[in-house]
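**Student:**
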Amino acid sequence: PPFIMAISRNKPLAHGVNTYGRHKAASKNYRHFKKGSNNKIKAKEAVPLKKQGEPRWYAADDVKRPIPSRKSHAKPTRLRSSITPGTVLIVLAGG
134 PPFIMAISRN KPLAHGVNTY GRHKAASKNY RHFKKGSNNK IKAKEAVPLK
184 KQGEPRWYAA DDVKRPIPSR KSHAKPTRLR SSITPGTVLI VLAGG
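Take 134 as the starting number for the sequence shown in this note's numbering and just add one per residue.
(1) Pull up the DSSP beta-bridge partners for P209, would you.
(2) Measure the beta-carbon distance from R142 to A158 and round it to whole angstroms, keeping in mind my assumption that it falls under 8 Å.
(3) Helix, strand or coil: how does DSSP classify A158 here?
(4) Would you identify the three-state DSSP class for V196, choosing helix, strand or coil?
(5) Between the alpha carbons of T152 and V180, how many angstroms are there, rounded?
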C-alpha cells in the first residue's frame, strides 16, 4: 500500500468513551518517554523506597484531622547583621 494508517491502541467503547484513560493510553505507547527531549529508556536500577506521600484519590469518608496550632512555632525576630547595639534607627510605623 502507498501508506499505512495509524491505528489507535485505545479502541473506543462508545462514541467519546475510550477503553483506557489518558494515563493508561499514554503509558501503553511510551508517550512518557517521548515528552522530554532526552528521556531515553534506561536499564532498571535499584530504586530507593519512596517516602509515603499523599494518596492519589480522596477518601470517601471525611476524616477529622487536628489542625496544627500556629502558636507554638513562633520564630524570634531576626534583625539584619548591620544593626548592632548603638546603631541609630528610625522606626516607621503605619497609622
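Built from N, CA and C at the ideal position, the CB exists for glycine as well.
Every value quoted in this text rests on a predicted model; they were computed, and no experiment measured them.
**Tutor:** Judging by the given coordinates:
(1) Position 76 of the sequence shown holds residue 209. Partner(s): none; P209 has no beta bridge.
(2) In the sequence shown, the residue the question calls residue 142 occupies position 9. In the sequence shown, the residue the question calls residue 158 occupies position 25. 7 Å between Cβ atoms; contact.
(3) Taking the first residue of the sequence shown as 1, we reach residue 158 at position 25. Residue state, collapsed to three classes: helix.
(4) Here residue 196 refers to the residue found at position 63 when the sequence shown is read from its first residue. Note: V196 maps to coil in three-state DSSP.
(5) Sequence index remark: in the sequence shown, residue 152 carries index 19 (1-based). Sequence index remark: in the sequence shown, residue 180 carries index 47 (1-based). Roughly 31 Å separates the two Cα atoms.
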